[in-house]
Amino acid sequence: MGTTWLRKEVIGDCTLYLGDMRDVLPVLPEKADLVVTDAPYKLTSGGHKNQSMGGKFAKENYDNSGDLMESLPWHEMGGPINRACKANADVYVMCNDKHVSNAEIAFRGADLKMHNLLSWDKGTATRSPFYMKNQEYILYLWKGDAKRPNYGGAKQKFECARPKGLDWHPTPKPTPLMALYVLQSSQPGDLVLDPFMGAGASALASLAFGRRAVMVEINETYFDLACARIEAAQRDGFQQIRADWDRCRAHNKIKGLQYAA
Ligand SMILES: C[S@@+](CC[C@H](N)C(=O)[O-])C[C@H]1O[C@@H](n2cnc3c(N)ncnc32)[C@H](O)[C@@H]1O
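Residue numbers 1 to 261, in this note's numbering, belong to the letters of the sequence shown in order.
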């Protein structure tokens, strides 16, 4: 058997592993109460081949091959994620429109059940001749006995701007989006797992609201920069993360899920 992870770091209540989730999840010392993750998948711009795209899809940045980051087949994620959870746990998995059906089939095949399909409205749209794309999707799944979310009045769609200043990662998620699912489906002290940490949004959203976190990331550059980001937020007492949640909570007219200031 090879090495299960390359490095392990501990920052406050967060344990971070540099490695492949397929190796790391089976040997984690504690099962998770909740999974909030944004899975890697092949990512192409779509649309007309002569259309000029900006940002990460700009011709000088990306060849549109689909390999924007390391990825793995959907059917290889569900089993390790299921087995890394406690008997009863919620699992949120983010993906774009092209991957929703394959992701759902794979996670149902891994014995997780589906509550609902949620969405993130990013505000700005990516160009496409077949309707401009301004949303991503979140499979809201569960293992074991279903648990009610902490706030019953939330709608499927959550509006929140894309994060800024994180150009070192191709697909960073906003921390308020992660905070919504952490606050809905866990209690203070619970352990939140993200097997695909990226820039660390789920770790920040967990730690800022008194949860513990366990993170896995395969790319060493992202791992190191996410560790630095989490350390900086911890020094700040996670004030910015909580302020961002508060603003988005109000914008989305969510009346519950206040944190104790
Ligand atoms: C979609 S990104 C996550 C973005 C993250 N939610 C954020 O807010 O920045 C998926 C991440 O999974 C990582 N990854 C890909 N394959 C992996 C594997 N087998 N094990 C662990 N991490 C992996 C990629 O390097 C990438 O950073």
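Where a beta carbon is used, it is the ideal one built from N, C-alpha and C, also for glycine.
- Just so you know, the alpha carbons of Ala205 and Arg249 end up roughly 13 Å apart.
- By the C-beta density criterion, Gly198 is buried, having at least 16 other C-beta atoms within 10 angstroms.
- In the assembly as shown, Thr124 is an exposed residue. Its beta-carbon has fewer than 16 other beta-carbons within 10 Å.
- Of Leu225, Ala110, Asn88 and Thr3, the smallest CA-CA separation from Asp190 is found for Asn88.
- Counted as a single uninterrupted DSSP element, the beta strand (DSSP E) harbouring Tyr92 occupies residues Cys85 to Cys95.
- The continuous stretches of alpha helix (DSSP H) do not include Met197, and DSSP gives it neither H nor E.
- If you draw a 10 Å sphere on the C-beta of Met114, you find fewer than 16 other C-beta atoms in it, and that means exposed.
- Here DSSP, grouped into helix, strand and coil, assigns Gly123 to strand.
- When DSSP states are grouped into helix, strand and coil, Ile11 belongs to the strand group.
- Under DSSP, Tyr137 forms a beta bridge with Cys95 and Ser119.
- Within the DSSP secondary-structure output, Glu217 pairs in a beta bridge with Leu18.
- With 16 or more other Cβ atoms inside 10 Å of its own Cβ, Gln184 counts as buried.
- For Val216, the distance from the CB to the nearest heavy atom of ligand 1 is below 7 Å.
- Counting along the chain, Ala146 sits inside no alpha helix (DSSP H), nor does DSSP assign it H or E at all.
- Distance from the C-beta of Glu220 to the nearest heavy atom of ligand 1 is not below 7 Å.
- A direct Cα-Cα distance of roughly 20 Å separates Arg22 from Leu139.
- In terms of side-chain proximity, the C-beta atom of His169 is found nearer than 7 Å to a non-hydrogen atom of ligand 1.
- Of the other Cβ atoms in all chains shown, 16 or more fall within 10 Å of the Cβ of Tyr41; this residue is therefore buried.
- Relative to ligand 1, Arg22 has its C-beta within less than 7 Å of a heavy atom.
- Going by DSSP, Phe130 is part of no beta strand (DSSP E) at all; its letter is neither H nor E.
- When the alpha-carbon of Pro195 is set against those of Arg211, Val216 and Pro188, the nearest one is in Val216.
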